[in-house]
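There are 2 protein chains.
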Amino acid sequence: MSRTINRVPSVDPQLARRVWKVVEELGYYPNTQARALVSGKSRIFGLIVSEITNPFFPEIVQSFEDIAVRHNYEILLTSTIHDPKRMELAVRRMIERRVDGVAILTFGMEETLIEDLRFRKLPVVFVDVGPHVPGVSNIRINYQHGIRQAVQHLAALRHVRIAFISGPLHLKSAVARKTAFEKSMHEIGRELPTELMVAGDHRMEGGMRGLVELLALRDRPTAVVCSNDMTAIGVMREAYDYGMIIPRDLSVVGFDDIRLSSFTTPPLTTVQMSQTLLAEYAFKALINEVEGTAPSKEGTEYELITNLVLRGSTALAPTQNLPVKPL
Amino acid sequence: MSRTINRVPSVDPQLARRVWKVVEELGYYPNTQARALVSGKSRIFGLIVSEITNPFFPEIVQSFEDIAVRHNYEILLTSTIHDPKRMELAVRRMIERRVDGVAILTFGMEETLIEDLRFRKLPVVFVDVGPHVPGVSNIRINYQHGIRQAVQHLAALRHVRIAFISGPLHLKSAVARKTAFEKSMHEIGRELPTELMVAGDHRMEGGMRGLVELLALRDRPTAVVCSNDMTAIGVMREAYDYGMIIPRDLSVVGFDDIRLSSFTTPPLTTVQMSQTLLAEYAFKALINEVEGTAPSKEGTEYELITNLVLRGSTALAPTQNLPVKPL
DNA sequence: CTGTTAGCGCATTCAC
DNA sequence: GTGAATGCGCTAACAG
């Protein structure tokens with residue numbers, strides 16, 4: 359019976375047919391739990407994201423799931439909403455469920471939890487933050503590549519006062535983006551007045567607040583680079599309230615290139631970080647560890663390149679700061 | 359040992375302490391699989407959505423997960439991307455994983471799959487489409503309530519030619535919304551020229567195409583009601599390309615009230631269908647069946663009211679069709 | 001109160 | 001090539 363189900367080649371076809379018939383009749387479905395218990399493999403991957411309501415993540419989740427389905431894996435999803443407690447709980451629950459690996463796409467992570475995972479010898483894949491040790495793979499994102507393009511694009515459009523709205527700076531990824539911006543500016547000999555570096559939260563609200571802050575300045579920026587697309591959308595939204603026309607009065611650049619960015623008004627010029635590739639790498643990293651012949655001693659390192667995609671939210675710098683009527 | 363872990367009251371505190379100590383030292387985590395195998399309860403709920411990349415769903419998923427975590431449940435997520443094959447596979451996999459119940463938030467479902475689920479006596483909860491039988495609960499959405507408000511709002515703003523861009527009409531929910539619109543129009547004695555009823559796909563692309571179609575009309579509409587917010591966003595995007603100003607040249611109403619709707623330019627007037635409540639009902643329905651004393655003979659029926667929320671995308675009808683320059 | 005044992009559903013032995 | 005026995009990690013039932 360077990361042999362038939364699992365298509366062991368050495369079963370008599372006649373017997374097999376009889377078994378299958380009964381299986382049909384009874385509507386028998388194998389019990390994956392029991393199977394996992396004996397095999398030691400659950401065929402479940404944990405997927406931890408920081409905020410499923412941020413449109414960046416669903417696209418990753420979808421890609422990841424697509425691949426998982428093809429490989430007969432299930433996915434256990436957790437959205438930590440940036441809560442370390444929640445993250446800890448998530449890791450614990452994944453371990454208890456005996457997942458075969460976990461992809462941690464939170465762009466930031468507590469050290470102690472990594473320990474816990476490593477201790478179980480669970481394959482793990484991180485973005486940006488993972489340590490360089492056996493069993494944990496990493497997807498390193500080359501922020502510099504795309505952000506440099508963005509900065510040079512704006513410079514070419516004769517923007518001088520270029521602002522940056524960062525993400526929450528306790529996230530490594532947010533810091534990395536900010537640093538990449540600063541570096542790119544320095545590369546072309548630009549100054550970075552501190553008042554043009556404001557803090558956001560990777561959400562629309564942060565973008566709105568950020569722009570308000572920037573517009574309160576005596577000497578306003580003519581362009582603003584945002585740490586992610588949601589921030590940029592917030593900026594555009596706030597600009598609308600101020601009666602500003604984008605890109606005429608203000609150029610805006612985002613980061614991530616979520617699908618939505620093609621559909622904003624105007625469509626957003628942004629730095630693309632492929633969600634599909636990210637998901638692919640993450641899955642590949644896990645499955646390599648699980649099904650790979652030799653458990654890689656080091657965990658694989660992937661690099662994800664970022665690139666500017668030009669759309670409609672950037673234009674030549676206005677020759678003078680146009681007067682804008684406040685809300 | 360088992361008794362200690364499970365906090366059976368009758369264990370000697372001293373022994374308990376010793377056990378816990380060892381548990382700590384070994385970093386022991388109970389194996390949920392084995393537990394599930396004997397108890398017959400996996401404490402996993404399946405959650406099937408039609409398209410996680412549609413921002414409407416992540417908000418539900420987040421709420422559902424929040425509640426699940428509180429109740430110590432895990433969630434197995436599947437996004438079917440409207441593929442019946444994929445849906446069938448999802449159901450099968452959920453059964454194999456022995457989930458304790460499944461919430462099907464696809465706003466549409468094949469009959470045969472329902473059979474399959476019922477046969478296993480798995481608690482199921484549907485939106486809109488579920489049959490009225492034991493073990494399956496339903497969340498019925500009152501589309502009429504909110505859509506009537508939308509129509510009357512537009513009528514009050516003196517709109518006469520009001521268009522409707524539907525969703526994919528093989529979805530019951532899309533049909534229900536369309537019907538609600540038609541009914542609301544009839545209620546106030548309005549005609550519905552067929553050329554003003556166009557088909558979309560519940561995505562931005564559909565909204566864009568829909569508007570193109572409508573603007574090609576000899577006698578253009580001054581307002582358009584959309585079957586969901588994504589469609590409305592597409593409409594606004596396309597309107598921008600036509601150089602139209604919303605709401606001056608065209609009033610737009612969405613449906614769903616996803617978070618993003620507050621942040622579009624202009625913010626979208628839309629019919630709210632609470633994602634939080636939807637998730638709450640769905641979870642409650644499942645947990646009632648699982649932990650309820652008497653297995654309800656009928657499955658619970660919930661009703662979700664919809665309501666118009668006024669924002670910035672609607673205004674008085676223009677007195678004449680302004681000339682608009684094409685792209 | 002606590003040590004022991006059977007069995008959950010399956011895959012993997014080992015005999016035949 | 002196939003039936004039967006063992007054990008995966010755990011809880012429940014049974015003795016002590």
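In the order they appear, the protein sequences are chains A and B.
Residues in the first sequence are numbered consecutively from 359, following my numbering.
Residues in the second sequence are numbered consecutively from 359, following my numbering.
Beta carbons are placed, not taken as given, at the ideal position from N, Cα and C, and that holds for glycine.
All values derive from a computational prediction rather than experimental measurement.
- Legend: CB atoms of the segment 657 to 672 of chain A lying less than 8 Å from CB atoms of chain B are not found in any residue.
- Interface flag for alanine 392 of chain B against chain A is set, since a Cβ pair is found closer than 8 Å.
- The Cβ atoms of leucine 515 of chain B and serine 619 of chain B do not sit closer than 8 Å to each other.
- Inter-residue distance for aspartate 614 of chain B and arginine 375 of chain A is about 50 Å (C-alpha atoms, whole angstroms).
- Here glutamate 638 of chain B is not bridged, per DSSP, to any residue.
- Ranked by Cα distance from leucine 644 of chain A, the options A:Val381, A:Val380, A:Phe422, A:Glu596 are led by A:Phe422.
- Excluding five sequence positions before and after valine 485 of chain B, the CB atoms of its chain that fall closer than 6 Å to its own CB belong to Leu463, Phe465, Ile497, given in chain order.
- In this structure, DSSP gives methionine 555 of chain B an extended state, which the three-state scheme calls strand.
- The straight-line gap separating the alpha-carbon atoms of alanine 461 of chain B and serine 495 of chain B is approximately 9 Å.
- Annotation for serine 531 of chain A: the continuous alpha helix (DSSP H) segment containing it runs 530 to 545.
- Separation of isoleucine 591 of chain B and arginine 444 of chain A (C-alpha to C-alpha, rounded to the nearest whole angstrom) is 33 Å.
- Within the same chain, Cβ atoms closer than 6 Å to the Cβ of proline 625 of chain A are found at Arg669, Gly670, the five residues on either side in sequence being excluded.
- Chain-order list of chain B residues neighbouring methionine 594 of chain A: Thr623, by C-beta distance under 8 Å.
- Fully contained in the segment 588 to 673 of chain A are the following alpha helix (DSSP H) runs of length 4 or more, in chain order: 633 to 649.
- Within chain A, the C-beta atoms nearer than 7 Å to that of leucine 434 of chain B come from Glu432, Leu434, in chain order.
- By the 16-neighbour rule on beta-carbons within 10 angstroms, lysine 399 of chain A is exposed.
- Here alanine 426 of chain A has Phe403, Glu432, Ile433, Phe641 as same chain residues with Cβ atoms under 8 Å from its own Cβ, once five neighbours each way along the sequence are excluded.
- Shortest Cα-Cα distance from isoleucine 410 of chain B to any of A:Leu635, A:Leu435, A:Ser397, A:Asn389 involves A:Leu435.
- By the rule that beta-carbons nearer than 8 Å mark a contact, serine 437 of chain A touches chain B.
- For a Cβ distance threshold of 8 Å, residue set Ile410, Leu435, Ser437 of chain A lies close to valine 419 of chain B, ordered along the chain.
- The beta carbon of arginine 595 of chain A sits closer than 7 Å to those of Met562, Met566, all from its chain and outside the five residues before and after it, given in chain order.
- Between threonine 664 of chain B and asparagine 412 of chain B, the CB-CB gap reaches or exceeds 8 Å.
- Annotated as distal: proline 605 of chain B and alanine 513 of chain B, with beta-carbon spacing of 8 Å or more.
- Counting the other Cβ atoms within 10 Å of the Cβ of asparagine 430 of chain A gives fewer than 16, which makes it exposed.
- Exclusion of the five residues before and after lysine 530 of chain A leaves Phe465, Gly466, Asp486, Val487 as the residues of its chain whose Cβ lies within less than 7 Å of its Cβ.
- Taking one beta carbon from each stretch, the segment 570 to 587 of chain B and the segment 521 to 539 of chain B have 3 or more pairs nearer than 8 Å; the two touch.
- When Cβ-Cβ separations below 8 Å define contact, glycine 385 of chain A makes contact with chain B.
- Residues Ala521, Pro579 of the same chain have their beta carbon placed closer than 6 Å to that of leucine 554 of chain A, with the five preceding and five following residues left out of the count.
- Apart from the 5 residues on each side of it in sequence, valine 533 of chain A sits with its Cβ closer than 7 Å to the Cβ of Leu527 in its chain, given in chain order.
- By the neighbour-count criterion, in which a residue is buried when 16 or more other Cβ atoms sit within 10 angstroms of its Cβ, histidine 511 of chain A is buried.
- The straight-line gap separating the alpha-carbon atoms of isoleucine 472 of chain B and proline 489 of chain B is approximately 9 Å.
- CA-CA distance, histidine 440 of chain B to serine 408 of chain B, rounds to 5 Å.
- Valine 629 of chain B is positioned such that its CB atom lies closer than 8 Å to that of isoleucine 505 of chain B.
- A distance below 6 Å between beta-carbons, with the five flanking residues on each side excluded, links serine 542 of chain A to the following residues of its chain, in chain order: Ile505, Arg506, Val509.
- Between asparagine 646 of chain B and arginine 456 of chain A, the C-beta spacing is not below 8 Å.
- For glycine 404 of chain B, no alpha helix (DSSP H) run applies; the uninterrupted beta strand (DSSP E) run containing it begins and ends at 402 to 407, by DSSP.
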